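Comments concern the structure below.
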Amino acid sequence: MAVTPSSISLESLDLDPAFALHRGGKLEVRSTVPVRNADDLSLAYTPGVAKVCTAIAEEPGLVNDYTWVSNVVAVVSDGTAVLGLGDIGPAAAMPVMEGKALLFKQFANVDAVPICLDCTDVDALVETVARLAPSFGGINLEDISAPRCFEVEDRLRELLDIPVFHDDQHGTAIVALAALKNAARLTGRPMGELRAVVAGAGASGVAVSRILLNAGIGDIAVSDSKGIIYEGRDGLNPVKEALARDTNRAGLRGSTEQALSGADVFIGLSGSTVSEEAIASMAPGAFVFALSNPTPEVHPEIARRHAAVVATGRSDFPNQINNVLAFPGVFRGALDVRATTITENMKVAAAEALAAVIGDDDLSADYVIPSPFDERVAPAVTAAVAAQARADGVARH
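UniProt numbering puts the sequence shown at residues 1 to 397.
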């Protein structure tokens, strides 16, 4: 294919600090052993490497001890749902995947390789990732559009004996649950007495709903662009049909805003807007997590007029629900015990550990979730995930 010369001036782009930082990429590969002379070379490469290869061929599990596999994660995307930008393709997704790999290393010392695939068919994605899997200790799926992302993850989990984790789903869910647990602790309200409304039935909306159910939420109603999801509603895909069976015990119908009347919790993951009147109609002491980026469903200052705790996905307001609080520690813990999968209990354990980072004396309406730069976060999540993997019987180390 012919390459069309770009009319864009790199010098002009580099005047923007974002472009300047990204020039040349954000990652590099460095060796962990010296190659200073012939003796070093003969050990690092031929002939010494043959001994290691032969041993791994006879005992495949040794790959985890004598290569980097046990500490490296593939960050895989097809570029169809990138960071609020939508379907921008695999090339344009690379800066985000590089950034994800950078965060793995920064916060949990996990090596990660960004892989952007030029295919969107579910079968092709699953086959490609499965064929790449022997080179990695875990697979972090990223920015794959719903509902395909559910099938891709489910099939890879069945095929592979290493952790497969779609961060858009489960990272968001873990951090949202941690914040909700602390909001409930702050106000002295049991999770089982809370009624929640989740706006959005995409990857993150479904995962948040599932983890809240697993954590014992009192009731939850989920909405999509057509309103509240309920059993028997026309046009539901299999994922939403399953949600309809497991949620909305109150039998609500209609719009998100109608469902908010008397609700204790609102979690926005839809990119839509919610009126102040709807927030005002919630139960006293409500929690509002308006997580759409860059524009929350309701402005935090408006939500604070009526809610006891407000969270967003943005860094310029208190209580940022940021996936970086979860995925580095989750993978660190899973890799440390060489887990075969990441169980639902491991996700809940991660949320509980994250919530517990904030002690009772520090907990406040503007501090229900720690900062990503709190050095206690990753170790706490790592330890909880590793312990739960052992308890669930999925640890090999």
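All C-beta atoms in this analysis are idealised placements derived from N, C-alpha and C, irrespective of residue type, glycine included. These numbers were taken from a predicted model, which means no experiment stands behind them.
Taking DSSP as the reference, what is the three-state secondary structure of residue i?
| i | result |
| --- | --- |
| ARG195 | strand |
| CYS119 | coil |
| VAL367 | The identity of residue 367 in the sequence shown is Tyr, whereas the question assumes Val. Strand. |
| SER223 | strand |
| VAL330 | helix |
| THR343 | coil |
| THR128 | helix |
| ASP111 | strand |
| ILE144 | coil |
| HIS166 | strand |
Residue i: buried (16+ other C-beta within 10 angstroms of its C-beta) or exposed?
| i | result |
| --- | --- |
| PHE287 | buried |
| ASN45 | According to the sequence shown, residue 45 is Tyr rather than Asn. Flag for TYR45 reads exposed. |
| THR54 | exposed |
| GLY137 | buried |
| PRO114 | buried |
| ASP234 | exposed |
| ALA20 | exposed |
| LYS240 | buried |
| GLY79 | buried |
| GLU375 | exposed |
| LEU13 | exposed |
| ASP264 | buried |
| CYS116 | buried |
| PHE150 | buried |
| THR382 | buried |
Whole angstroms are fine: how far does the CA of residue j sit from the CA of residue i?
| i | j | result |
| --- | --- | --- |
| ASP121 | ILE144 | 11 Å |
| GLY313 | ASP87 | 20 Å |
| ASN140 | LYS100 | 10 Å |
| PRO60 | ALA74 | 20 Å |
| residue 401 | SER225 | No answer is possible for residue 401: the residues shown for the chain start at 1 and end at 397. |
| ALA250 | LYS347 | 27 Å |
| ALA173 | PRO34 | 42 Å |
| ALA365 | PHE165 | 31 Å |
| ALA349 | LYS51 | 41 Å |
| ASP40 | THR128 | 35 Å |
| VAL197 | ASN248 | 9 Å |
| ALA389 | GLY218 | 27 Å |
| MET1 | ALA334 | Legend: pLDDT at MET1 = 44, less than 50; position of this residue unreliable, no value from coordinates given. |
| SER42 | GLY48 | 6 Å |
Check the DSSP bridge columns for residue i and list the partner residues they point to.
| i | result |
| --- | --- |
| PHE266 | VAL197 and VAL288 |
- Query: Taking three-plus beta-carbon pairs below 8 Å as touching, is the stretch 269-285 in contact with the stretch 293-304?
  - Reply: The stretch 269-285 is in contact with the stretch 293-304.
- Message: Any contact between the stretch 179-191 and the stretch 155-169? By contact I mean 3 or more CB pairs, one from each, below 8 Å.
- Response: No, because fewer than three Cβ pairs between the stretch 179-191 and the stretch 155-169 fall closer than 8 Å, the two stretches do not touch.
- Hey, is the stretch 246-265 in contact with the stretch 209-226, meaning 3+ C-beta pairs nearer than 8 Å? In short, these stretches touch, since the Cβ pair count reaches three.
- Task: Pair every Cβ in the stretch 89-97 with every Cβ in the stretch 303-318, then say whether three or more of these pairs are closer than 8 Å.
- Result: Contact between the stretch 89-97 and the stretch 303-318 is absent: fewer than three C-beta pairs spanning the two stretches fall below 8 Å.
- Message: With three or more C-beta pairs closer than 8 Å as the rule, is the stretch 348-362 touching the stretch 321-339?
- Response: Contact holds: three or more Cβ-Cβ distances are below 8 Å.
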